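First comes the structure, then the notes that go with it.
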Amino acid sequence: AQRVTQPEKLLSVFKGAPVELKCNYSYSGSPELFWYVQYSRQRLQLLLRHISRESIKGFTADLNKGETSFHLKKPFAQEEDSAMYYCALLYNNDMRFGAGTRLTVKP
Amino acid sequence: DSGVTQTPKHLITATGQRVTLRCSPRSGDLSVYWYQQSLDQGLQFLIQYYNGEERAKGNILERFSAQQFPDLHSELNLSSLELGDSALYFCASSRTPRASEQFFGPGTRLTVL
Chain A
-16 AQRVTQPEKL
-6 LSVFKGAPVE
4 LKCNYSYSGS
14 PELFWYVQYS
24 RQRLQLLLRH
34 ISRESIKGFT
44 ADLNKGETSF
54 HLKKPFAQEE
64 DSAMYYCALL
74 YNNDMRFGAG
84 TRLTVKP
Chain B
14 DSGVTQTPKH
24 LITATGQRVT
34 LRCSPRSGDL
44 SVYWYQQSLD
54 QGLQFLIQYY
64 NGEERAKGNI
74 LERFSAQQFP
84 DLHSELNLSS
94 LELGDSALYF
104 CASSRTPRAS
114 EQFFGPGTRL
124 TVL
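As you go down the protein sequences, you meet chains A and B in turn. The numbers in this note's numbering rise by one with no breaks, and the one at position 86 of the first sequence is 69. Take any residue in the second sequence, note its place counting from 1, add 13, and you have its number in this note's numbering.
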């Protein structure tokens, strides 16, 4: 079955430290993967997608087909990065979300 | 606000009741998606409409139904409510039928007592 796994429910780092939010997927075809972010009291918004290979707010994510992973990384975390992060896989136009990881960046 | 809007923000009701959640897409968007976000199930896709027609179906219960009207707003009807239906219900919209281009609304928090 096509699914997305985010193994960490909670992740806490100090400001300025590197951060990596893990995402693994199961899909036999060519996946289309996304990261969404939800800041406190705000709506879910797209952070980045693997197709565009972009960097948004200093975050990057590389698709590793061998490890079926799409981890989200940032070299120096900021307090304003504290939020809920969801990895998602697009399958037959059905956006399948992981359970999410709550990132807290401490001062 | 030209983004996706949802009403009401909060809804409290009792088991067995029926409620209707409303979503207005962004201006120019033809597709509407509904999602349920609960503590135990996470964020799950329910159903998608495009220009008034049902386009894709996810994990939507038979007690739930939706429709998209000619003015492109959408309503999600939840009936015979159970405690487990308590969740945040999100609507999203996109210009094309592709879910990869969707923008989310603020959600409606439903509490079933």
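Cβ coordinates follow ideal geometry from the N, Cα and C atoms, glycine included. Computed from a prediction, not measured in an experiment: that's the story for all the values here.
Neighbouring residues, chain A, relative to residue i (Cβ below 9 Å)
i	result
Gln61 of chain B	Asn76, Asp77
Inter-residue Cα distance where the pair is residue i and residue j
i	j	result
Ala105 of chain B	Lys5 of chain A	25 Å
Arg32 of chain A	Glu62 of chain A	23 Å
Arg111 of chain B	Glu15 of chain A	12 Å
Ile39 of chain A	Tyr8 of chain A	22 Å
Val(-4) of chain A	Gln28 of chain A	22 Å
Asp64 of chain A	Val20 of chain A	9 Å
Glu88 of chain B	Trp18 of chain A	27 Å
Ser13 of chain A	Gly120 of chain B	31 Å
Val125 of chain B	Arg24 of chain A	21 Å
Phe42 of chain A	Met67 of chain A	14 Å
Gly49 of chain A	Val(-13) of chain A	15 Å
Where residue i sits in the DSSP three-state scheme
i	result
Ala27 of chain B	coil
Glu95 of chain B	coil
Ala82 of chain A	coil
Ser107 of chain B	strand
Asp77 of chain A	strand
Ile73 of chain B	coil
Ala100 of chain B	strand
Leu51 of chain B	Residue identity check: residue 51 of chain B is Ser in the sequence provided, not Leu. The answer is strand: DSSP assigns Ser51 of chain B an E or B state.
Glu114 of chain B	helix
Ser65 of chain A	coil
Ser38 of chain A	coil
For residue j and residue i, believed in contact at Cβ under 8 Å, the rounded distance
i	j	result
Phe117 of chain B	Val17 of chain B	6 Å
Gln(-11) of chain A	Thr84 of chain A	5 Å
Ala79 of chain B	Tyr62 of chain B	7 Å
Leu94 of chain B	Thr26 of chain B	6 Å
8 Å Cβ cut-off: residues of chain A touching residue i
i	result
Arg111 of chain B	Asn76
Contact set between residue i and chain A, taken where Cβ atoms lie within less than 7 Å
i	result
Leu56 of chain B	Tyr69, Phe80
Pro119 of chain B	Arg26
Phe103 of chain B	Leu27
Partners in chain B for residue i, counting only beta-carbon separations shorter than 8 Å
i	result
Gly83 of chain A	Gly55, Leu56
Arg32 of chain A	Ser113
Glu15 of chain A	Ser113
Interface residues of chain B facing residue i [CB-CB closer than 9 Å]
i	result
Leu73 of chain A	Arg111, Ala112, Ser113
> Between the segment -12 to 8 of chain A and the segment 87 to 99 of chain B, are three or more C-beta pairs nearer than 8 Å?
Replying inline: Judged by Cβ distances under 8 Å, the segment -12 to 8 of chain A makes no contact with the segment 87 to 99 of chain B, as fewer than three pairs qualify.
> Are three or more beta carbon pairs between the segment 50 to 63 of chain B and the segment 62 to 82 of chain A nearer than 8 Å?
Replying inline: Flag = yes, the segment 50 to 63 of chain B and the segment 62 to 82 of chain A touch.
>> Using 8 Å as the cut-off, can you tell me whether the segment 67 to 86 of chain B makes contact with the segment 28 to 42 of chain B, which would need three or more C-beta pairs spanning the two stretches below that distance?
In response: yes
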